[in-house]
Amino acid sequence: EFLQNKQFVSDQELNERLSKNKKWLDEALGKVYSERTSHQDDVWGWMDVEEWASDEAVQFVKEKAETIRKEADVFVIVGVGGSNQAARAVIKALQKESKPEILYAGNNLSPHYMNNLLKQLEGKSVYINVIAKNFETLEPGLSFRILRNFLYSKYGNETNKRISVTGTINSSLHQVAKEHNFDFFIFPENIGGRFSALTDVGLLPMAVAGIDISSLIEGAKKMQDLMHNQTDIDNLALKYSTFRNILLDKGYKIEMLAFFEPQFHYFSKWWIQLFAESEGKEGKGLFPVAVNYSEDLHSIGQYVQQGQPIIFETFLDIENPNSSLVIEKDHVEDNFDYVNGENLWEINKIALGATIGAHFNGGIPCVKFSVPEMNEYYLGQLFYLFEFTVYLSGRILGVNPFDQPGVEDYKKLMFEKLGRGF
Ligand code: PA5
7 EFLQNKQFVS DQELNERLSK NKKWLDEALG KVYSERTSHQ DDVWGWMDVE
57 EWASDEAVQF VKEKAETIRK EADVFVIVGV GGSNQAARAV IKALQKESKP
107 EILYAGNNLS PHYMNNLLKQ LEGKSVYINV IAKNFETLEP GLSFRILRNF
157 LYSKYGNETN KRISVTGTIN SSLHQVAKEH NFDFFIFPEN IGGRFSALTD
207 VGLLPMAVAG IDISSLIEGA KKMQDLMHNQ TDIDNLALKY STFRNILLDK
257 GYKIEMLAFF EPQFHYFSKW WIQLFAESEG KEGKGLFPVA VNYSEDLHSI
307 GQYVQQGQPI IFETFLDIEN PNSSLVIEKD HVEDNFDYVN GENLWEINKI
357 ALGATIGAHF NGGIPCVKFS VPEMNEYYLG QLFYLFEFTV YLSGRILGVN
407 PFDQPGVEDY KKLMFEKLGR GF
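So the number in the UniProt record's numbering is just where the residue sits in the sequence shown, counting from 1, plus 6.
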């Protein structure tokens with residue numbers, strides 16, 4: 007829903023730019039996708055969900071996950087960036103069961119965090135999944151070593167069945183798995199981390215957490231069909247990517263993903279990574295941030311309403327209640343009787359409507375994506391929609407959406423300082 011943004015982008019302007027940008031959609035659906043010849047060394051493995059989430063591959067993941075689920079009290083996902091964000095987004099939003107408990111490592115270098123994590127593992131049956139495309143990243147590498155030592159000291163020869171690794175075929179991580187008899191899952195060579203939600207990378211940990219991965223895949227496929235069949239300027243991803251790039255040209259620097267449901271918190275971290283790493287290069291790109299409303303209305307909301315006019319908002323909304331709680335009449339006189347009998351769900355919705363109204367009237371362009379429900383199926387749709395969008399948007403911007411050369415700079419300095427000799 008592009009709301010009524012005509013005061014920011016006129017219909018004529020939008021249509022002209024859509025017609026101009028349609029070539030990137032044509033390229034994606036034609037030359038790049040249908041006519042691709044080598045699947046091994048390209049970057050398009052995410053475009054067809056089926057390529058890495060076939061029935062057979064999903065069945066294998068489900069069986070392995072079931073074994074872990076039976077045995078594990080705790081399952082630690084070791085990975086950073088694209089290697090853990092999608093799984094964490096879905097698990098944190100939807101996990102209903104308390105066993106296995108899912109913990110996260112490999113995404114920082116903090117001894118405080120790691121010592122705390124090790125404490126939480128005491129007395130529990132522990133399994134880990136180490137996920138890394140390029141097994142040189144220090145954060146997952148060191149966390150793996152620390153956890154491996156912990157597991158060997160606890161389980162001795164039985165350790166190997168408690169470790170699964172997800173890496174590219176013939177990578178050094180694959181060699182480690184072979185030598186030590188760890189279960190191995192495929193990190194597709196032709197998919198970058200931040201596009202890997204619907205592969206073993208995201209699916210194994212999600213399945214261990216009891217997530218319905220078939221439904222997630224079904225949702226993504228549905229969005230894929232939609233994106234691939236809307237071949238004209240009505241294509242939703244083309245519209246969204248065009249709209250955000252027009253705003254960028256008009257001086258808006260920041261796109262803020264805003265939501266009133268905390269379940270979206272870790273999804274927003276996935277979204278931020280997707281857009282920041284794909285577009286922020288060559289001095290270009292919108293700066294992506296996220297806000298958890300209504301909490302953040304009481305902090306950043308002030309700036310949004312009255313600060314520099316450099317922000318536009320993309321709202322995520324859920325149409326049907328994911329929970330219900332009626333505000334009961336109370337014997338304490340507390341000034342809130344005007345909401346007696348109202349449902350907290352509806353109150354939250356009213357806050358959303360009021361926020362969009364106030365921000366829009368205050369001169370902030372607003373976009374809204376609504377999903378009917380908060381579940382696997384619609385999260386699958388959102389994954390695919392945003393991946394397709396960021397690809398088109400990167401092409402419109404004139405950058406390569408699939409690399410992240412800037413991330414290497416800090417690594418280079420850090421490796422030098424640590425004395426890494428290669
Ligand atoms: O999207 C990406 O490609 C990156 O964010 C990577 O996923 C991230 O840097 C982690 O890389 P790796 O799994 O190779 O350690």
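For each residue, glycine too, the CB sits at the ideal point set by N, CA and C.
- In three-state DSSP terms, what is Tyr309? For the purposes of this step, residue 309 is taken as the residue at position 303 of the sequence shown. Tyr309: helix per DSSP, three-state reduction.
- Task: Specify, as a first and last residue, the run of the alpha helix (DSSP H) that Met229 falls within.
- Result: Taking the first residue of the sequence shown as position 1, residue 229 is located at position 223. Run containing Met229: Ile219 to Asn235, per the alpha helix (DSSP H) assignment.
- Task: Tell me, please, which residues DSSP counts as bridged to Glu261.
- Result: Here residue 261 is taken as the residue at index 255 of the sequence shown, counted from 1. Glu261 is bridged to Pro294 and Phe318.
- Item | Secondary structure of Val15, DSSP reduced to three states | To locate residue 15, count along the sequence shown from 1; it is residue 9. Val15 falls in the coil class under three-state DSSP.
- Query: What is the C-beta distance between Gln322 and Phe281, in whole angstroms, given that I count them as a contact (C-beta under 8 angstroms)?
  - Reply: Locating residue 322 in the sequence shown gives position 316, where the first residue counts as 1. Locating residue 281 in the sequence shown gives position 275, where the first residue counts as 1. Before going further, note that residue 322 is Leu rather than Gln in the sequence given. Cβ-Cβ separation between Leu322 and Phe281: approximately 14 angstroms, too far for a contact (criterion under 8 angstroms).
- Would you mind listing the alpha helix (DSSP H) stretches within the stretch 322-384 that are 4+ residues and don't spill past its ends, in chain order? 350-367
- Item | Cut-off 6 angstroms between Cβ atoms - residues of its own chain near Lys68, not counting five sequence neighbours on either side | Counted from its first residue, the sequence shown places residue 68 at position 62. Contacts found: Ala213.
- Please report how far the alpha carbon of Asn90 lies from the alpha carbon of Asn155, in whole angstroms. Position 84 of the sequence shown, counting from 1, holds the residue named residue 90. Position 149 of the sequence shown, counting from 1, holds the residue named residue 155. Those two C-alpha atoms are separated by around 22 angstroms.
- Task: Assuming residue 449 and Leu391 form a contact by the criterion Cβ under 8 angstroms, report the distance between their Cβ atoms to the nearest whole angstrom.
- Result: Lying before the first or after the last residue shown, residue 449 is absent from the chain, which here runs from 7 to 428.
- Rounded separation between Glu283 and His186 - CA only: Along the sequence shown, one-based indexing puts residue 283 at 277. Along the sequence shown, one-based indexing puts residue 186 at 180. One C-alpha to the other measures close to 34 angstroms.
- Pairing CB atoms from the stretch 339-356 with CB atoms from the stretch 376-383, are three or more of them under 8 angstroms? Cβ pair count under 8 angstroms is below three, so no.
- Message: Do Thr395 and residue 451 have their beta-carbon atoms positioned less than 9 angstroms apart in this structure?
- Response: Any answer about residue 451 is impossible in this case: the structure gives the chain only from 7 up to 428.
- Would you identify the three-state DSSP class for Thr205, choosing helix, strand or coil? Taking the sequence shown and counting its residues from 1, the one referred to as residue 205 is at position 199. In the structure shown, Thr205 sits in coil (DSSP, three-state: anything other than H, G, I, E or B).
- Task: Determine the contact status of Phe318 and Val373, defining contact as a CB-CB distance below 9 angstroms.
- Result: On the sequence shown, residue 318 is found 312 positions in, with the first residue counted as 1. On the sequence shown, residue 373 is found 367 positions in, with the first residue counted as 1. Yes; because the gap between Cβ atoms is below 9 angstroms, this pair is in contact.
- For the alpha helix (DSSP H) containing Asn163, list its first residue and its last residue. For the purposes of this step, residue 163 is identified with residue 157 of the sequence shown, where counting begins at 1. For Asn163, no alpha helix (DSSP H) segment is defined, and its DSSP state is neither H nor E.
- Query: Distance, Cα to Cα, Lys287 vs Pro411?
  - Reply: Residue 287 sits at position 281 when you count from the first residue of the sequence shown. Residue 411 sits at position 405 when you count from the first residue of the sequence shown. Their backbone Cα atoms lie some 8 angstroms apart in a straight line.
- Query: From the DSSP output, which residues share a beta bridge with Asn135?
  - Reply: Locating residue 135 in the sequence shown gives position 129, counting from the first residue. Paired residues: Ile83 and Ser170.
- Message: Please return the same chain residues whose Cβ sits closer than 7 angstroms to the Cβ of Ser177, not counting the five positions on each side in sequence.
- Response: Translated into the one-based positions of the sequence shown, residue 177 becomes position 171. Same-chain partners within the cutoff: Phe141.
- Task: Using three-state DSSP, classify Ala111 as helix, strand or coil.
- Result: Stepping through the sequence shown from its first residue, residue 111 is reached at position 105. Ala111: strand per DSSP, three-state reduction.
- Straight-line Cα distance separating Glu339 from Arg200: Residue mapping note: residue 200 aligns to position 194 of the sequence shown, counting from 1. Residue mapping note: residue 339 aligns to position 333 of the sequence shown, counting from 1. For Arg200 and Glu339, the distance between alpha carbons rounds to 51 angstroms.
- Message: Looking only at its chain, what residues have a beta carbon closer than 6 angstroms to the beta carbon of Asn11, apart from the 5 residues adjacent to it on each side?
- Response: The residue labelled residue 11 in the question sits at position 5 within the sequence shown. The answer, listed in chain order, is Pro371.
- Query: So does the stretch 130-150 actually touch the stretch 83-103, counting three or more Cβ pairs closer than 8 angstroms?
  - Reply: yes
- Task: Mind checking which residues open and close the alpha helix (DSSP H) that includes Phe66?
- Result: As a working mapping, residue 66 is identified with position 60 in the sequence shown. Where Phe66 is concerned, the enclosing alpha helix (DSSP H) stretches over Asp61 to Glu77.
- Message: Once DSSP output is grouped into helix, strand and coil, what is the label at Phe193?
- Response: Taking the first residue of the sequence shown as 1, we reach residue 193 at position 187. The three-state reading of DSSP puts Phe193 in coil, since its state is none of H, G, I, E or B.
- Query: Given that a residue counts as buried once 16 or more other Cβ atoms are within 10 Å of its Cβ, and exposed if not, what is His45?
  - Reply: Start at 1 with the first residue of the sequence shown, and residue 45 comes out as number 39. Exposure of His45 is indicated by the presence of fewer than 16 other C-beta atoms within 10 angstroms of its C-beta.
- Message: Tell me whether Pro146, by its Cβ, gets closer than 8 angstroms to a heavy atom of ligand 1.
- Response: Residue numbering aside, residue 146 sits at position 140 when the sequence shown is read from its first letter. Yes, Cβ of Pro146 sits closer than 8 angstroms to a heavy atom of ligand 1.
- Query: Can Leu31 and Ala226 be called in contact, C-beta distance under 9 angstroms?
  - Reply: The residue labelled residue 31 in the question sits at position 25 within the sequence shown. The residue labelled residue 226 in the question sits at position 220 within the sequence shown. Against a cut-off of 9 angstroms, the Cβ pair of Ala226 and Leu31 comes out as no contact.
- With Pro117 as the anchor, note down where its alpha helix (DSSP H) starts and where it stops. Taking the first residue of the sequence shown as position 1, residue 117 is located at position 111. Under the DSSP assignment, Pro117 falls in the alpha helix (DSSP H) whose first and last residues are Pro117 to Leu127.
- Same chain, Cβ closer than 6 angstroms to Val132, five either side skipped, listed in chain order: In the sequence shown, residue 132 corresponds to position 126, counting from 1. For Val132, where only same-chain residues beyond five positions count, the Cβ hits under 6 angstroms are Val80.
- Task: Check whether the Cβ of Asn140 lies closer than 8 angstroms to any heavy atom of ligand 1, and answer yes or no.
- Result: For the purposes of this step, residue 140 is taken as residue 134 along the sequence shown, with counting starting at 1. Checking the Cβ of Asn140 against ligand 1 gives yes.
- Length of the line joining the Cα atoms of Leu292 and Leu254: As a working note, residue 292 is residue 286 in the sequence shown. As a working note, residue 254 is residue 248 in the sequence shown. Roughly 7 angstroms between the two C-alpha positions.
- Item | Supposed contact pair Thr205 and Ile197 - C-beta distance, whole angstroms, cut 8 angstroms | Taking the sequence shown and counting its residues from 1, the one referred to as residue 197 is at position 191. Taking the sequence shown and counting its residues from 1, the one referred to as residue 205 is at position 199. Going by Cβ atoms, the distance from Ile197 to Thr205 rounds to 6 angstroms, so yes, they are a contact pair.
- Message: Using the Cβ count rule (16 or more neighbours within 10 Å means buried), how would you classify residue 6?
- Response: Outside the shown range of the chain (7 to 428) lies residue 6, about which nothing can therefore be said.
- Message: Below 8 angstroms on the Cβ atoms is my contact criterion, and I expect Ile239 with Ser25 to pass it. Report the Cβ-Cβ distance as a whole number of Å.
- Response: Indexing the sequence shown from 1 puts residue 239 at position 233. Indexing the sequence shown from 1 puts residue 25 at position 19. That pair is a contact at about 6 angstroms.
- Message: On the criterion of 16 or more Cβ atoms from any shown chain inside 10 Å, does Gln181 qualify as buried, or is it exposed?
- Response: Taking the first residue of the sequence shown as position 1, residue 181 is located at position 175. Residue burial is scored here from C-beta neighbours: Gln181 has fewer than 16 other C-beta atoms within 10 angstroms and is therefore classed as exposed.
- Message: With distance defined between alpha-carbon atoms, name the residue in Ala215, Gly173, Leu179 and Asp189 nearest to Lys207.
- Response: In the sequence shown, counting from the first residue as 1, residue 207 sits at position 201. Reading the sequence as shown, one finds Val at residue 207 and not Lys. When each option's Cα is compared against that of Val207, the closest is Gly173.
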